[in-house]
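Chemist: In the numbering used here, the protein residues as written are -10 to 179. Ideal placement from N, C-alpha and C gives every residue a C-beta, glycine not left out. No experiment lies behind these values; they were computed from the predicted model shown.
#1: Given that a residue counts as buried once 16 or more other Cβ atoms are within 10 Å of its Cβ, and exposed if not, what is residue 131?
#2: On the premise that residue 146 lies in contact with residue 62, defined as a C-beta separation below 8 angstroms, what is that separation, rounded to the nearest angstrom?
#3: Just tell me which of 119, 76, 84, 77 has its CA closest to the CA of residue 51.
#4: Is it buried or exposed, residue 158, if we count other Cβ atoms within 10 angstroms and call 16 or more buried?
#5: Could you tell me which of 49, 101, 152, 167 sits nearest to residue 58, measuring between CA atoms?
#6: Report the residue from 151, 141, 60, 177 whose alpha carbon sits nearest the alpha carbon of residue 86.
#7: Express the C-alpha separation of residue 104 and residue 133 in angstroms, rounding to a whole number.
#8: Considering only C-alpha positions, which residue in the set 64, 106, 101 is nearest to residue 95?
#9: Helix, strand or coil for residue 103, going by three-state DSSP, please let me know.
#10: Contact between the segment 41 to 49 and the segment 63 to 78: three or more CB pairs below 8 angstroms?
#11: Keeping to the same chain, check which residues put their C-beta closer than 6 angstroms to that of residue 98; ignore five residues upstream and five downstream.
#12: Under three-state DSSP, which class holds residue 124?
#13: Hey, would you say residue 121 sits closer than 8 angstroms to residue 80, going by beta carbons?
#14: Helix or strand or just coil, what does DSSP make of residue 173?
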């Protein structure tokens, strides 16, 4: 009787091991349920959020009609009608941060003992469909168009005014402003 029980235990154990080995991961980047996951993520996302991913496990980046440094007008929401400059872009969920708009209150805990906590205002993201490009010269919001110039360069322009947005001078100004900002941050931390 003991021999049959031992034999039954070994067959059950071997069956269990074979079923577990069939469930093992076929490749190093697939989970138990077959979804791909990345060990190193470039974007900090929350555990409960599932971003749409490409087959190589990178998030799908959406094309947007606005770029960093563009002047935009908010066309819907609480900040409707206000004008500002784009400071940051999130392509994975098609949102932008506009300077000094959509301010939210954040309660910060104290970092050191004896130091009081803080209540600060931070700029929250706005969906890119809720902003429109804005012309400072003509003071009008417009949709964006694309055209190719005589020299072969592809540029964006405002449809209502015909004003060209992408020019070499504007990109130089944006890059210089970024460099100046970075050098001041490095100088303050040092």
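Modeler: If we stick to the structure as given:
#1: By the 10 Å Cβ count, residue 131 comes out buried.
#2: About 17 angstroms separates the two Cβ atoms, so there is no contact after all.
#3: Of the candidates 119, 76, 84, 77, the one whose C-alpha sits nearest the C-alpha of residue 51 is 84.
#4: Exposed: under 16 other Cβ atoms inside 10 Å.
#5: Distances from the alpha-carbon of residue 58 to those of 49, 101, 152, 167 put 167 closest.
#6: Ranking 151, 141, 60, 177 by Cα distance to residue 86 puts 60 first.
#7: Taken atom to atom, the span from the alpha-carbon of residue 133 to that of residue 104 is near 49 angstroms.
#8: Its Cα nearest to that of residue 95, the residue 106 stands out among 64, 106, 101.
#9: Residue 103 falls in the coil class under three-state DSSP.
#10: They do not touch, by the three-pair rule.
#11: If you ignore the 5 residues before and after residue 98, its C-beta comes within less than 6 angstroms of the C-beta of 106, all in its own chain and listed in chain order.
#12: DSSP places residue 124 in strand when its eight states are reduced to three.
#13: No.
#14: Residue 173 carries a helical assignment under DSSP once its states are collapsed to helix, strand and coil.
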